[in-house]
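The structure appears right after this line, and notes come after that.
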Amino acid sequence: MNSMIQTIDLTKKFGDFTANDHINLDVKEQEIKCIVGENGAGKSTMMNMLYGLLQPTSGKILIRGKEVTMNSPIDAIANGIGMVHQHFKLVPSLTVYENILLGAEIKKKNTPFVDQKEEIRRIEKLIEENHFELNATDKIEDISVGGRQRVEILKMLYRNVDILILDEPTAVLTPQEVDELMVTLKQLKEQGKTIIVITHKLREVMELADSITVIKQGKVIGNVLKKDTNEQELAQMMVGRDVVLTVSNTRKQTIKTDIMYEAKHLTTVNDYGKEVVSDVSFKVHKGEILGVAGVEGNGQSELVKLITGLMESTKGEIIFDGQNVTNWWPEKLRKAGLGIIPEDRYAQGLCREMSVSDNCIAGYHGAKDICKRGLYNRKKINEKRDSFIKEFDIRLGDVNGPIGSLSGGNAQKVIIARELSAHPKVLLACQPTRGVDIGSIEFIHKQILKFRDEGNTVILVSSELSEIMSLSDRVIVMYKGKISGEVCPKEVSTAAIGLLMAGISK
């Protein structure tokens, strides 16, 4: 089979940091190539160079054996390369056909005016040819996330690309939409397209790929055919050791009847006055993990802000261990026994420039064991840091260096160590493994289950449905700011939860 796209010693440096180090990639014509690796491995950087968003420091890009230069996406599209980004580049207030034709509008003959009828006709034909369920005249803001992704794909197909790059394409899709995407990509392959998929979801890789390239720390460490490998081997290549992909969730203690945390009819609005959490009610018992599932952007982030005191409710109340804590400030909630693993570790949980020691006490810096009369006991703080490093297997080069020098997994371990060492009654774990390597995911999952088995309460908010399903005792699903359903993960299929994520109750 002929090579469609190749890179030879492709290197990209940002100052002293090497994001891609002499990458040699070979993608065959009409194949689906999956690029896998941990977050920060350099996958997206490489694809951005292929699409002209970044220029390589050194190395070559070849299309059908001919060297090309990509100074911009215009050059990439001219060479037959299209890219669908993880975060869609669509205008919500415009229609499907207007978004597809943006920058390539069809004009009436000998006039500067857009030929709307011809535009709609062409896009309807394109939709029909690709068997997509879309209406050309629907506004983007009115269609599903999966529909928006199909619009992005059509934007590229309209421009006659032969190579389609998709960056983490399933990150914001329901399980049903993931299945539909798999079918779409296989159909495009049959039509002669070459497809490159960047992902870290190994099950989807094994379902979709013809061949797989593994990247670690900016270097290619392996190329394999799907038929010659499995999930476990790929995980081992990515991490460098054996990894347990699914942590055993065997209870050591039954769920107690005592209600530790209860939300009653919680409602709030955003800065524009739009209701983003609407009449949300749930209870969590001692010794229980409640999972909060849903496609991102359906009110989970706002619910987390209500729970942590970063947003005020306009209606409803929160009862924490028998006490009404509605609209309490974060500091007061921490003192009441709420531990918080935030959604974005550096925006909300750590200070990148501060030392590991200082981050180990952040949020608890007024504790009596480390602070007396406004003076910090540096020896006690360093002892706390060292105990965290030992107990939570935090790996770092310089114990006195800034926390920004740590990998995503080790930085996340600092947050988890800090929060659990405060012995909270309730742990709010929000996206606890986002941007974390597979080995650290295994460790973090075990810590959450251990905390629960000690009789404590966990509220787990995650966009990773597999994480929700494997860790939770009960799951509530959010859709457009409301709870669309509550299920027991051991009694329902992923498909059933996927329907709830799409707002389909029955």
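To convert, take the position in the sequence shown, counting from 1, and add 6; that gives the numbering used here.
Even glycine gets a Cβ: it sits at the ideal position worked out from N, Cα and C.
Nearest CA to the CA of residue i: which residue from the options?
i: Asn141; options: Gly345, Gly407, Ile106 and Asp264; result: Ile106
i: Leu240; options: Ser78, Tyr267 and Glu210; result: Glu210
i: Ile376; options: Ala428, Thr439 and Ile421; result: Ala428
i: Gln418; options: Asn406, Asn276, Cys436 and Gly403; result: Cys436
i: Gln61; options: Ile41, Ala82 and Pro118; result: Ala82
i: Gly303; options: Thr320, Asp399 and Glu147; result: Glu147
i: Val275; options: His291, Val301, Gly343 and Lys311; result: Lys311
i: Ile11; options: Met55, Pro336, Gly46 and Asp22; result: Met55
i: Ile395; options: Arg384, Tyr370, Asn383 and Ile422; result: Ile422
i: Met317; options: Glu497, Arg440 and Val282; result: Val282
i: Thr273; options: Leu172, Gly403, Val286 and Thr263; result: Val286
i: Lys199; options: Gly88, Val420 and Leu31; result: Gly88
i: Gln167; options: Asn236, Phe138 and Pro79; result: It is worth fixing the name first, because residue 167 is Val in this sequence and not Gln. It is Pro79 whose Cα lies nearest to the Cα of Val167.
i: Gly297; options: Gly86, Lys34, Gly21 and Arg458; result: Arg458
i: Thr143; options: Arg351, Thr101 and Gly21; result: Thr101
i: Asp398; options: Ile450, Arg351 and Lys385; result: Note that residue 398 corresponds to Phe in the displayed sequence, not to Asp. It is Ile450.
i: Thr263; options: Lys232, Asp327, Val230 and Lys386; result: Asp327
i: Asp22; options: Thr63, Ser9 and Met7; result: Thr63
i: Phe288; options: Tyr278, Asp277 and His271; result: His271
i: Ile221; options: Glu497, Leu31 and Phe20; result: Leu31
i: Val33; options: Asp216, Ala373 and Leu344; result: Asp216
Is the CB-CB distance between residue i and residue j below 8 Å?
i: Asn462; j: Leu506; result: no
i: Ile313; j: Leu477; result: no
i: Met243; j: Ile227; result: yes
i: Val151; j: Val178; result: yes
i: Ile444; j: Glu44; result: yes
i: Ile474; j: Val464; result: no
i: Met360; j: Pro408; result: yes
i: Val90; j: Glu158; result: yes
i: Asn5; j: Ser363; result: A question about residue 5 goes unanswered here, because the residues of the chain that appear run from 7 up to 512.
i: Ile503; j: Val481; result: yes
i: Gln36; j: Lys195; result: yes
i: Thr24; j: Gly65; result: no
i: Ile218; j: Val442; result: no
i: Phe138; j: Arg165; result: no
i: Glu130; j: Ile112; result: no
i: Gly86; j: Ile69; result: yes
Among the residues of its own chain, which have a CB less than 7 Å from the CB of residue i, if the five just before and after it don't count?
i: Lys114; result: Asp121
i: Asn26; result: Leu16, Thr17, Lys18, Gly48, Thr51, Met52 and Gly224
i: Trp334; result: Gly315
i: Leu471; result: Pro181, Ala299, Thr500 and Ile503
By a C-beta neighbour count over all protein chains shown, 10 Å radius and 16 as the cutoff for buried, is residue i buried or exposed?
i: Gln306; result: buried
i: Met484; result: buried
i: Pro181; result: buried
i: Cys494; result: exposed
i: Thr320; result: exposed
i: Lys207; result: buried
i: Ala269; result: buried
i: Asp479; result: buried
i: Leu339; result: buried
i: Pro118; result: exposed
i: Glu515; result: Residue 515 cannot be examined here, being either before or after the span of the chain that is shown, 7 to 512.
i: Asn416; result: buried
i: Val420; result: buried
i: Gly293; result: buried
i: Thr75; result: exposed
i: Tyr278; result: exposed
Suppose the cutoff is 6 Å on Cβ atoms and the five residues either side in sequence are ignored; what does the same chain contact list for residue i look like?
i: Lys95; result: none
i: Lys488; result: Ser284
i: Gln354; result: Pro348
i: Leu309; result: Val283
i: Ala508; result: Thr180
i: Ile67; result: Thr13 and Val74
Just checking my contact of residue i with residue j at CB under 8 Å: how many whole Å lie between their CB atoms?
i: Leu160; j: Leu187; result: Between Leu187 and Leu160 the Cβ distance is about 13 Å, and since that is not below 8 Å, they are no contact.
i: Ile29; j: Ile201; result: Not quite, the Cβ-Cβ distance comes to about 19 Å (not below 8 Å), so this is no contact.
i: Arg391; j: Cys366; result: 5 Å
i: Ile324; j: Glu425; result: No, Ile324 and Glu425 are not in contact; Cβ-Cβ is about 19 Å, not under 8 Å.
i: Gly2; j: Ser469; result: Missing from the structure shown is residue 2; the chain here goes from 7 to 512 and no further.
i: Glu266; j: Val301; result: A small fix is needed here, since residue 266 is Met in this sequence, not Glu. At roughly 28 Å, the Cβ-Cβ gap does not stay under 8 Å, so Met266 and Val301 are not in contact.
i: Leu170; j: Cys40; result: So it is not a contact: roughly 13 Å between Cβ atoms.
i: Leu172; j: Asn136; result: So it is not a contact: roughly 15 Å between Cβ atoms.
i: Gly414; j: Gly46; result: 6 Å
i: Val529; j: Thr190; result: Outside the modelled stretch of the chain, which goes from 7 to 512, sits residue 529, for which no answer is possible.
Verify the contact flag: residue i, CB atom, against every heavy atom of the ligand SAH, threshold strictly below 7 Å.
i: Pro118; result: In terms of ligand content, the structure shown is empty, and the ligand SAH therefore cannot be addressed.
So, at 8 Å on beta carbons, what are the nonlocal neighbours of residue i in its own chain, with the 5 sequence-adjacent residues on each side left out?
i: Arg154; result: Phe94, Leu96 and Ile146
i: Leu402; result: Val362, Ile395, Ser411, Leu412 and Asn416
Using a Cβ-Cβ distance cut-off of 8 Å, determine whether residue i contacts chain D.
i: Ala368; result: Absent from the structure: chain D. Only one protein chain is present.
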